[in-house]
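For the sequence shown, our numbering gives the first residue as 11, with consecutive numbering after it.
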Amino acid sequence: MTSTLTPQSVERAKPARTGAAPRRRTRVLALPEARWATAATVFFLLALPLQLTGAPAWAWGPLYALSYATGGWEPGWEGLKALKERTLDVDLLMVVAALGAASIGQVMDGALLIVIFATSGALEALATARTADSVRGLLDLAPATATRLTPDGGEQTVPVEELAVGDTVLVRPGERVGADGRVLDGASDVDQATITGEPLPAAKEPGDEVFAGTLNGTGALRVRVERDASDSVIARIVRMVEEASETKAPTQLFIEKVEQRYSLGMVAATLAVFLVPLAFGEQLTDALLRAMTFMIVASPCAVVLATMPPLLSAIANAGRHGVLVKSAVVMERLGQVDAVALDKTGTLTEGSPRVTDVRPLPGSGLDEAELLTLAAAAERPSEHPLARAVVDAARERGLDLPGAEDFTSAPGVGVTAVVNGCGVAVGAPARLLDGTGSTVTAVAEELEESGRTAVLVLVDGAPAGLLGIADRLRPDAAATVAALTTLTGTAPVLLTGDNPRAAAHLAAEAGITDVRAGLLPQDKMAAVQELESTGRKVLVVGDGVNDAPALAAAHTGVAMGRAGSDLALETADAVIVRDELAAVPTTVALSRRARRLVVQNLVIAGVFITGLVVWDLAGNLPLPLGVAGHEGSTVLVGLNGLRLLREPAWQRAAAEGTG
Numbered sequence: 011m012t013s014t015l016t017p018q019s020v021e022r023a024k025p026a027r028t029g030a031a032p033r034r035r036t037r038v039l040a041l042p043e044a045r046w047a048t049a050a051t052v053f054f055l056l057a058l059p060l061q062l063t064g065a066p067a068w069a070w071g072p073l074y075a076l077s078y079a080t081g082g083w084e085p086g087w088e089g090l091k092a093l094k095e096r097t098l099d100v101d102l103l104m105v106v107a108a109l110g111a112a113s114i115g116q117v118m119d120g121a122l123l124i125v126i127f128a129t130s131g132a133l134e135a136l137a138t139a140r141t142a143d144s145v146r147g148l149l150d151l152a153p154a155t156a157t158r159l160t161p162d163g164g165e166q167t168v169p170v171e172e173l174a175v176g177d178t179v180l181v182r183p184g185e186r187v188g189a190d191g192r193v194l195d196g197a198s199d200v201d202q203a204t205i206t207g208e209p210l211p212a213a214k215e216p217g218d219e220v221f222a223g224t225l226n227g228t229g230a231l232r233v234r235v236e237r238d239a240s241d242s243v244i245a246r247i248v249r250m251v252e253e254a255s256e257t258k259a260p261t262q263l264f265i266e267k268v269e270q271r272y273s274l275g276m277v278a279a280t281l282a283v284f285l286v287p288l289a290f291g292e293q294l295t296d297a298l299l300r301a302m303t304f305m306i307v308a309s310p311c312a313v314v315l316a317t318m319p320p321l322l323s324a325i326a327n328a329g330r331h332g333v334l335v336k337s338a339v340v341m342e343r344l345g346q347v348d349a350v351a352l353d354k355t356g357t358l359t360e361g362s363p364r365v366t367d368v369r370p371l372p373g374s375g376l377d378e379a380e381l382l383t384l385a386a387a388a389e390r391p392s393e394h395p396l397a398r399a400v401v402d403a404a405r406e407r408g409l410d411l412p413g414a415e416d417f418t419s420a421p422g423v424g425v426t427a428v429v430n431g432c433g434v435a436v437g438a439p440a441r442l443l444d445g446t447g448s449t450v451t452a453v454a455e456e457l458e459e460s461g462r463t464a465v466l467v468l469v470d471g472a473p474a475g476l477l478g479i480a481d482r483l484r485p486d487a488a489a490t491v492a493a494l495t496t497l498t499g500t501a502p503v504l505l506t507g508d509n510p511r512a513a514a515h516l517a518a519e520a521g522i523t524d525v526r527a528g529l530l531p532q533d534k535m536a537a538v539q540e541l542e543s544t545g546r547k548v549l550v551v552g553d554g555v556n557d558a559p560a561l562a563a564a565h566t567g568v569a570m571g572r573a574g575s576d577l578a579l580e581t582a583d584a585v586i587v588r589d590e591l592a593a594v595p596t597t598v599a600l601s602r603r604a605r606r607l608v609v610q611n612l613v614i615a616g617v618f619i620t621g622l623v624v625w626d627l628a629g630n631l632p633l634p635l636g637v638a639g640h641e642g643s644t645v646l647v648g649l650n651g652l653r654l655l656r657e658p659a660w661q662r663a664a665a666e667g668t669g
């Protein structure tokens with residue numbers, strides 16, 4: 011989860027990173043896989059128009075050869091190394107298939123296969139590199155230096171790596187906390203959305219724990235260091251994401267799971283079709299032609315194409331509707347999920363506090379508009395998220411805000427100002443009332459029981475009313491929860507770092523009964539692993555740094571794109587670009603439709619391959635007819651898969667998710 015305040019907070023924190031290296035993203039052409047794939051594509055695009063326009067072979071032939079060489083040497087080499095270890099690798103089979111196509115005159119087809127295969131490898135390498143970039147960039151959340159207090163009362167600016175357990179550091183207003191520790195002195199509000207996902211800054215006073223990388227508010231804090239930099243929560247998030255990504259079970263498309271055995275069988279059968287008739291006296295040319303025909307009609311082109319077009323069409327359709335699915339493997343895996351874990355702030359909710367209740371107290375003489383006007387006028391000079399929520403609520407109602415004089419702000423307490431000649435104080439009821447006022451306490455408890463943050467407004471020292479502030483549930487949250495329940499057969503689980511009371515209230519509104527609140531990033535990941543240990547395939551939906559370990563550990567991770575952290579966006583398998591939560595169940599349903607089309611295509615491809623192979627072995631299948639049958643089946647399954655490109659496919663998936 012992330013707060014909408016995070017981008018601004020990061021900007022304010024940049025001065026603290028003076029001297030730090032800027033975050034770098036791996037450039038596409040910095041990857042050798044991308045350079046070779048680009049070269050192969052360029053040579054192919056140069057050769058193709060020459061061939062199609064009837065140019066002599068000496069003009070386009072060398073260009074195709076260069077395309078084969080640049081795009082195929084690396085997978086070919088990797089395939090040979092795998093063969094040395096007695097494994098028939100798909101890389102080698104693709105190169106052999108391309109060379110086989112060239113040997114019977116289909117030079118362009120072989121080159122196209124090489125280009126597609128090389129491009130796929132480059133995209134996979136780029137995705138891996140960008141994820142690593144985001145993991146390394148997470149460390150930039152923590153400042154490079156901290157102000158260490160010496161025993162004689164002096165100050166030293168030291169690298170955070172030199173801080174030791176027991177040191178005392180000074181965290182000034184607007185700075186990021188340099189180390190995990192506990193507050194010794196001072197009071198402030200600390201934005202720790204990157205760690206807990208809570209939408210509002212947490213009030214910190216002596217005895218409270220703070221985390222490295224979180225942003226201090228307007229007060230100064232003295233903090234005793236309790237963990238080394240290498241063991242901070244931020245550092246542990248980095249390790250958890252890396253370890254979860256490395257240990258996550260390797261995934262393959264369905265057809266790739268049987269491809270090894272099928273390929274070995276096809277190679278053995280082709281040799282048998284060539285050698286057995288030859289041993290019984292058949293002419294070399296006839297035996298070779300029969301074997302070549304067999305290799306063509308038995309090759310898994312139609313089988314491979316049976317899988318990719320439906321999945322790629324589903325990816326394209328989802329992309330048109332604001333869902334970025336990063337690979338065909340991810341699209342296939344989305345349809346397998348049978349359990350869902352949802353983040354709260356920024357996922358189920360909008361991620362920013364809003365005024366939900368305006369409660370003038372009896373005897374104050376104020377109505378809702380007057381109470382909100384006074385509170386907003388007093389809060390307008392403040393940068394606190396609650397203050398902005400109050401001011402935004404007044405503006406949404408079209409209220410004219412008078413000027414405020416003598417504004418002061420007390421961290422953890424609230425603000426005071428003079429508005430229209432009246433002294434107005436806005437803040438936490440417990441701090442402003444000093445434990446008095448039973449009516450106010452009753453209203454505040456009522457608001458807090460319903461998951462709101464209670465804010466008291468005093469006018470000339472007397473309680474005038476209370477405001478209830480909360481993060482608002484997304485309009486489509488309840489419908490999404492119901493749809494995911496229908497698709498998976500079980501209601502989603504809510505995983506949040508927010509307090510249990512607020513989490514339970516929002517979960518009840520959304521229709522979720524299994525609520526796990528107060529979780530740190532490692533707790534979220536543990537909860538996902540616990541679900542998966544029972545055999546469930548878990549879909550995690552989140553948006554913040556603190557969700558990244560869970561996204562990496564899950565069977566499939568989906569990130570909300572609008573306010574999502576870079577790490578969450580890169581770690582997730584899919585991204586909801588338009589931030590529409592309802593797109594999640596629709597994409598799952600679309601994936602399941604794609605999987606059904608894959609099964610249909612495999613049946614079609616199997617029927618064609620079986621028929622042509624029997625004809626070639628039992629009769630005399632002409633080579634041109636074998637090629638026509640092979641290509642015809644390939645085209646047929648390809649066209650069948652493209653049905654998911656149409657708009658009705660998304661609409662039917664949406665209906666399936668809600669049905």
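The C-beta atom is built at its ideal place from N, Cα and C for all residues, glycine as well. Bear in mind that the values here come from a model prediction, so they are computed numbers and not experimental data.
Would you please state the rounded distance, in angstroms, between the beta carbons of residue i and residue j? I believe it to be under 8 Å.
{"i": "residue 349", "j": "residue 601", "result": "With a Cβ gap of about 15 Å, residue 349 and residue 601 do not count as contacting."}
{"i": "residue 514", "j": "residue 506", "result": "With a Cβ gap of about 10 Å, residue 514 and residue 506 do not count as contacting."}
{"i": "residue 357", "j": "residue 570", "result": "5 Å"}
{"i": "residue 433", "j": "residue 457", "result": "Contact flag wrong, Cβ pair sits at about 24 Å."}
{"i": "residue 556", "j": "residue 531", "result": "5 Å"}
{"i": "residue 60", "j": "residue 69", "result": "5 Å"}
{"i": "residue 105", "j": "residue 175", "result": "The pair is not a contact, with the Cβ atoms about 56 Å apart (cut-off 8 Å)."}
{"i": "residue 316", "j": "residue 50", "result": "About 25 Å; that fails the 8 Å criterion."}
{"i": "residue 173", "j": "residue 232", "result": "About 14 Å separates the two Cβ atoms, so there is no contact after all."}
{"i": "residue 415", "j": "residue 404", "result": "18 Å between Cβ atoms; not a contact."}
{"i": "residue 5", "j": "residue 385", "result": "Since the first residue of the chain shown is 11 and the last is 669, residue 5 is not available in this structure."}
{"i": "residue 407", "j": "residue 476", "result": "In fact, because the Cβ distance is near 17 Å, the residues do not count as touching under 8 Å."}
{"i": "residue 347", "j": "residue 498", "result": "6 Å"}
{"i": "residue 467", "j": "residue 474", "result": "5 Å"}
In terms of alpha-carbon separation, which member of the options lies closest to residue i?
{"i": "residue 363", "options": "301, 455, 398", "result": "398"}
{"i": "residue 402", "options": "413, 382, 420, 416", "result": "382"}
{"i": "residue 533", "options": "351, 160, 157", "result": "351"}
{"i": "residue 500", "options": "437, 239, 548, 624", "result": "548"}
{"i": "residue 452", "options": "371, 308, 416", "result": "371"}
{"i": "residue 449", "options": "373, 415, 561, 412", "result": "373"}
{"i": "residue 171", "options": "190, 163, 277, 491", "result": "190"}
{"i": "residue 118", "options": "160, 55, 241, 135", "result": "55"}
{"i": "residue 113", "options": "85, 546, 75, 91", "result": "75"}
{"i": "residue 631", "options": "536, 215, 296", "result": "296"}
{"i": "residue 125", "options": "85, 563, 183", "result": "85"}
{"i": "residue 217", "options": "509, 285, 192", "result": "192"}
{"i": "residue 520", "options": "429, 592, 583", "result": "592"}
{"i": "residue 132", "options": "272, 39, 455, 504", "result": "39"}
{"i": "residue 643", "options": "421, 240, 613, 159", "result": "613"}
{"i": "residue 330", "options": "665, 662, 666, 656", "result": "656"}
{"i": "residue 155", "options": "495, 182, 439", "result": "182"}
{"i": "residue 243", "options": "562, 211, 529", "result": "529"}
{"i": "residue 597", "options": "52, 490, 377", "result": "490"}
{"i": "residue 393", "options": "418, 376, 380", "result": "418"}
Give me whichever residues DSSP pairs with residue i in a beta bridge.
{"i": "residue 155", "result": "169"}
{"i": "residue 5", "result": "Past the boundaries of the shown model lies residue 5; the chain is included only from 11 to 669, so the question cannot be answered."}
{"i": "residue 354", "result": "Its beta-bridge partners do not exist; DSSP assigns none."}
{"i": "residue 198", "result": "214"}
{"i": "residue 226", "result": "200"}
{"i": "residue 349", "result": "548"}
{"i": "residue 478", "result": "367, 464"}
Would residue i count as contacting chain D if we go by Cβ distances under 8 Å?
{"i": "residue 628", "result": "Absence of chain D from the displayed structure is noted, only one protein chain being present."}
Open item on the list: Tell me whether the stretch 77-93 and the stretch 36-51 touch, counting them as touching only if at least three CB pairs, one residue from each stretch, are closer than 8 Å.
Closed with: When C-beta atoms of the stretch 77-93 are compared with those of the stretch 36-51, three or more pairs fall below 8 Å, so the two segments count as touching.
Task: Completely contained alpha helix (DSSP H) runs for the stretch 395-468, where each covers 4 or more residues - done: The qualifying runs are 395-406, 439-443, 448-459.
- [ ] Please confirm if the stretch 188-198 is in contact with the stretch 225-242, defined as three or more CB-CB distances below 8 Å between the two stretches.
- [x] With the cut-off at 8 Å, the stretch 188-198 and the stretch 225-242 touch.
- [ ] Report yes or no: do the stretch 459-473 and the stretch 405-413 share at least 3 C-beta pairs separated by less than 8 Å?
- [x] These segments do not touch.
Open item on the list: Taking 8 Å as the cut-off, does the stretch 325-337 touch the stretch 483-499 (at least 3 CB pairs, one atom from each stretch)?
Closed with: Output reads no: the stretch 325-337 does not touch the stretch 483-499.
Task: Inter-stretch contact at 8 Å, needing at least 3 Cβ pairs: the stretch 580-591 / the stretch 615-630 - done: Here the stretch 580-591 does not lie against the stretch 615-630, with fewer than 3 beta-carbon pairs under 8 Å apart.
- [ ] Give, in chain order, every unbroken run of the beta strand (DSSP E) that is at least 3 residues long and sits entirely within the stretch 571-638.
- [x] The beta strand (DSSP E) runs of length 3 or more contained entirely in the stretch 571-638 are, from start to end of the chain, 584-586.
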